[in-house]
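In this note's numbering, the protein residues as written are 1 to 727.
One structure is given here, and the rest of the page talks about it.
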Amino acid sequence: MAERFDFYKQYDQMDCGPTCLRMIAKHYGRNIKLQELRDLCQINRSGVSLLGVSEAAEKIGFRTLGVKVTFKDLKEIELPTILHWRQNHFVVLYKIKGDTYWVADPAAGLIKLTGADIKQNWISDKEALEGIALLLSPSPQFHEQDEGEQFTVSWSSLFLYLIGYRKLIFQLLSGLALGSLLQLIVPFLTQSIVDIGINTRNLNFVQIVLLAQIFLIIGRVSVEFIRSWILLHISTRVNISILTDFLIKLMKLPISFFDTKMTGDIMQRMNDQKKIESFLTGSALTTLFSLVNLLLFSFILIYYKTSIFSVFAIASGLYIVWITAFLGRRRLLNYKSFEVASKNQSNVVQLVNGMQEIKLNNCEQTKRWEWEHLQARLFKFNVKSLALSQYQQGGATLINESKNLLITFLTAKAVIDGSLSLGAMVAIQYIVGQLNSPVDQLLGFIQGFQDARISLERLNEIHQLSDEEPIDRTFNNALPDNKDISINDLTFFYPSAGNDPVLKNINLLIPEGKTTAIVGMSGSGKTTLLKLLLRFYEPQKGEILVGSQQLNQIAYKTWRSSCGVVMQDGFIFSDTIERNIAVGDQYPDYTKLKHAIKVANIGDFIDTLPLGLHTKIGAEGNGISQGQRQRILIARAVYKDPHYLFFDEATNALDAHNERIITNNLREFFENRTVVIVAHRLSTVRDADNIIFMDKGRILEQGTHDELTLMKGHYFNLVKNQLELGV
Numbered sequence: 001m002a003e004r005f006d007f008y009k010q011y012d013q014m015d016c017g018p019t020c021l022r023m024i025a026k027h028y029g030r031n032i033k034l035q036e037l038r039d040l041c042q043i044n045r046s047g048v049s050l051l052g053v054s055e056a057a058e059k060i061g062f063r064t065l066g067v068k069v070t071f072k073d074l075k076e077i078e079l080p081t082i083l084h085w086r087q088n089h090f091v092v093l094y095k096i097k098g099d100t101y102w103v104a105d106p107a108a109g110l111i112k113l114t115g116a117d118i119k120q121n122w123i124s125d126k127e128a129l130e131g132i133a134l135l136l137s138p139s140p141q142f143h144e145q146d147e148g149e150q151f152t153v154s155w156s157s158l159f160l161y162l163i164g165y166r167k168l169i170f171q172l173l174s175g176l177a178l179g180s181l182l183q184l185i186v187p188f189l190t191q192s193i194v195d196i197g198i199n200t201r202n203l204n205f206v207q208i209v210l211l212a213q214i215f216l217i218i219g220r221v222s223v224e225f226i227r228s229w230i231l232l233h234i235s236t237r238v239n240i241s242i243l244t245d246f247l248i249k250l251m252k253l254p255i256s257f258f259d260t261k262m263t264g265d266i267m268q269r270m271n272d273q274k275k276i277e278s279f280l281t282g283s284a285l286t287t288l289f290s291l292v293n294l295l296l297f298s299f300i301l302i303y304y305k306t307s308i309f310s311v312f313a314i315a316s317g318l319y320i321v322w323i324t325a326f327l328g329r330r331r332l333l334n335y336k337s338f339e340v341a342s343k344n345q346s347n348v349v350q351l352v353n354g355m356q357e358i359k360l361n362n363c364e365q366t367k368r369w370e371w372e373h374l375q376a377r378l379f380k381f382n383v384k385s386l387a388l389s390q391y392q393q394g395g396a397t398l399i400n401e402s403k404n405l406l407i408t409f410l411t412a413k414a415v416i417d418g419s420l421s422l423g424a425m426v427a428i429q430y431i432v433g434q435l436n437s438p439v440d441q442l443l444g445f446i447q448g449f450q451d452a453r454i455s456l457e458r459l460n461e462i463h464q465l466s467d468e469e470p471i472d473r474t475f476n477n478a479l480p481d482n483k484d485i486s487i488n489d490l491t492f493f494y495p496s497a498g499n500d501p502v503l504k505n506i507n508l509l510i511p512e513g514k515t516t517a518i519v520g521m522s523g524s525g526k527t528t529l530l531k532l533l534l535r536f537y538e539p540q541k542g543e544i545l546v547g548s549q550q551l552n553q554i555a556y557k558t559w560r561s562s563c564g565v566v567m568q569d570g571f572i573f574s575d576t577i578e579r580n581i582a583v584g585d586q587y588p589d590y591t592k593l594k595h596a597i598k599v600a601n602i603g604d605f606i607d608t609l610p611l612g613l614h615t616k617i618g619a620e621g622n623g624i625s626q627g628q629r630q631r632i633l634i635a636r637a638v639y640k641d642p643h644y645l646f647f648d649e650a651t652n653a654l655d656a657h658n659e660r661i662i663t664n665n666l667r668e669f670f671e672n673r674t675v676v677i678v679a680h681r682l683s684t685v686r687d688a689d690n691i692i693f694m695d696k697g698r699i700l701e702q703g704t705h706d707e708l709t710l711m712k713g714h715y716f717n718l719v720k721n722q723l724e725l726g727v
């Protein structure tokens, strides 16, 4: 019999993707309406893609990974998972046992299949015996986020990271329990050696007890080895899960967020996750069993001598009070240290990436001194942190050692008085030693808890930011039939006190299928206008329409999938040329790739490379010139085959020969596409259907090249030197 799995039947022929996602959500405890999942999957007449299902799953709180997996490895992945079935359908694989596979097919019901059936229906690559699967695992956001509310990371949500590893944690706790039991036997064995073995001069008895202790030690070491391996597996997976959720959230934020955050600040927050993971899988679990040990050994100490336990309890109370007295100061140092560490991280990235400019401008010493000043600030914080730690540790050690000396005196006195045997005294000393360990670990636990809580607060600063596409807001997933872009009374200024508007009362029509060029002096607002069209920011006043539809009502992914973009500061990834051009496709379309290379006139350069398209470029690969970089960015935009093209100084680094070839190739590619070009070079814009001249955030002139030249106004003055028009 198959285990129980909540099944839903698809209502329509194209509903298989959302229905599979609905079944998996129900499996993990959430009942989500099919219509909501349809909207999130961006369903259309053709159904949904695996990417659409993945994006919808991440919006409701799943972590996803689309993979090509072999039939053999299918048994190793986390279930349930979504399989791409017969290349045109989705099903849920929810259980495997031997050669029997249980599948929930939204079109057919719950079915039991053999391995041969799976191969026939799921394998897409017959040679490699591989098929496509979408792996899903719920994040804390899935369990805790209510519709319309922003998810907040809490302690309860953090412990949800451990739920997925219940078996491993049970093994870990069992090992710790066994270790504790083995330790409990030791004081009684120690007492028996002294009171029985030594007093009766029975060497055989002593040897037997010592042999038993050797086996106990071997047992404890073995348990510790296994515990360390289990802990490594749990901590690694939890750390990856926390970072994955952080990156998922980071990638949902608006582009404008990354304009205001330093790289070092984001990277330092990612490093900060280690403190949370360390606390969850280290301090929390070990301290739990330390407290169990504390409880057990306390009862044994009471059994031996109540007065000695009273001394231990009072001293331990003082020890804890002393430790917690320093937490406020330590918290303040943590915040200041984070700020300096993030600046240091940014500085190091800047030093490495900017080494060429540093050397060209002979500013090695200045930049090194800047770095050294930051190190000096970090050193000061480390000194303060060490001093605080020493005060804390010094007082704690004084309390602890005074307690140990007092207990030694009291047990020795009890032996002399005859109320305690010598063996019992040795056993008590061992028990106190075992009790000291949990109390010492408590210091690490309290500090770890504070570090994790501070990291949690910093993590929530990111998680509490609004997503680019909030899940409670509905966006249109298709562009209107009329694709003209209209800008009405648009005003924009960058967020900061006292800033003047960068764009003032802009009114503009960008007709569908035409090329619109924007020119003007530097700082006139051209690039800002382009970024508003690309939805980097939202205007403070006015509106941008696509046909009759507000641009901000269109889903970001829908809009961006329709836009090919070449920005001045376009990024080249440390990857192959092929994957830099086909940046959005895991498996590039070689017909589109060849066409993009031809339009960008970069084929000759690629042919000269030993590995051709598979040559690695970027920070970790071959260096490329600015012209080659721009041509790769142009090829990337062409490969996307978009309806809209936005070029910001896309050819300013090209030589005249390449520019002419690429301009001619682009002219053909531009046909029936809506193109917006920002440029200084007039050879790039002169053939545009409409040229906009901007100055100080306003549109001063617009028309064709010939019309604006005849006006002999601002445009004429800008281009006369380049085109040799004369005065």
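Virtual Cβ for every residue (Gly too), placed ideally from N, Cα, C.
Computed from a predicted structure; not experimentally measured.
Listed in chain order, the non-local C-beta contacts of residue 367 below 7 Å within the same chain comprise 351, 358, local neighbours out to five positions each way being set aside.
In the three-state reduction of the DSSP assignment, residue 579 falls in the helix class, which pools H, G and I.
Residue state for residue 355 is assigned as helix, using DSSP reduced to three classes.
Counting only runs of at least 4 residues, the segment 415-478 fully encloses the following alpha helix (DSSP H) elements, listed from N- to C-terminal order: 422-463. In the structure shown, residue 198 adopts helical secondary structure according to DSSP, grouped into three states.
When the Cα atoms are used, residue 222 and residue 239 turn out to be separated by approximately 26 Å. The segment 73-105 contains, as complete beta strand (DSSP E) runs of 3+ residues, the segments 81-85, 89-97, 100-105 (chain order). Collapsing the DSSP output to three states places residue 702 in a strand. Residue 504 sits away from residue 564, with the two beta carbons spaced by 7 Å or more.
The segment 320-328 makes contact with the segment 393-402: 3 or more CB pairs, one atom from each, lie closer than 8 Å. Shown here, residue 324 sits in a helix according to DSSP, grouped into three states. In this structure residue 85 is buried. Its beta-carbon is surrounded by 16 or more other beta-carbon atoms within 10 angstroms.
For residue 646, the secondary structure class from DSSP, reduced to helix, strand or coil, is strand. Short of 6 Å from the beta carbon of residue 7, and not among the five residues preceding or following it, lie these beta carbons of its own chain, in chain order: 104, 110.
Only exposed fits residue 9, as fewer than 16 other CB atoms lie within 10 angstroms of its CB. The C-beta distance from residue 537 to residue 469 rounds to 15 Å, too long to fall under 8 Å, and the pair is not in contact. Cα atoms of residue 258 and residue 614: separation of roughly 31 Å, rounded to the nearest angstrom. The straight-line gap separating the alpha-carbon atoms of residue 712 and residue 720 is approximately 9 Å. Per DSSP, the beta-bridge partners of residue 491 are 541. Sorting 616, 108, 583, 511 by C-alpha distance to the C-alpha of residue 673 places 511 at the top. Assignment of alpha helix (DSSP H) within the segment 33-64, counting only whole runs of 4 or more residues, yields 34-41, 50-59 in chain order.
Counting only the Cα atoms, residue 465 lies some 21 Å from residue 493.
Judged by DSSP secondary structure, residue 693 falls within the beta strand (DSSP E) whose first and last residues are 690-695.
Between the alpha carbons of residue 661 and residue 638 lies a distance of about 15 Å. Partner residues in the beta bridge of residue 138, as assigned by DSSP, are 62.
Annotation for residue 665: the continuous alpha helix (DSSP H) segment containing it runs 656-669. If you compare the alpha carbons of 265, 317, 292, 424 with that of residue 345, the shortest gap goes to 265. Only residues of its own chain outside the window of five on either side were considered, and among them 18, 21, 22, 56 have a CB closer than 7 Å to the CB of residue 37, listed in chain order.
Assigned with DSSP and collapsed to three states, residue 522 falls in coil, not helix or strand.
Below 8 Å, too few C-beta pairs join the segment 299-308 and the segment 379-391 to call them touching: fewer than three. Here residue 667 is exposed: its Cβ has fewer than 16 other Cβ atoms, across all protein chains shown, within 10 Å.
Counting only the Cα atoms, residue 453 lies some 20 Å from residue 163.
Following the DSSP letters along the chain, one finds residue 558 in no beta strand (DSSP E) but inside the alpha helix (DSSP H) bounded by residues 556-561. Taking the C-beta atoms as reference points, residue 649 is found nearer than 7 Å to residue 568. Counting along the chain, residue 684 sits inside the alpha helix (DSSP H) bounded by residues 682-685. Non-local beta-carbon contacts of residue 275 in its own chain, meaning distances under 7 Å to residues more than five positions away in sequence, involve 451, 452, 455 in chain order.
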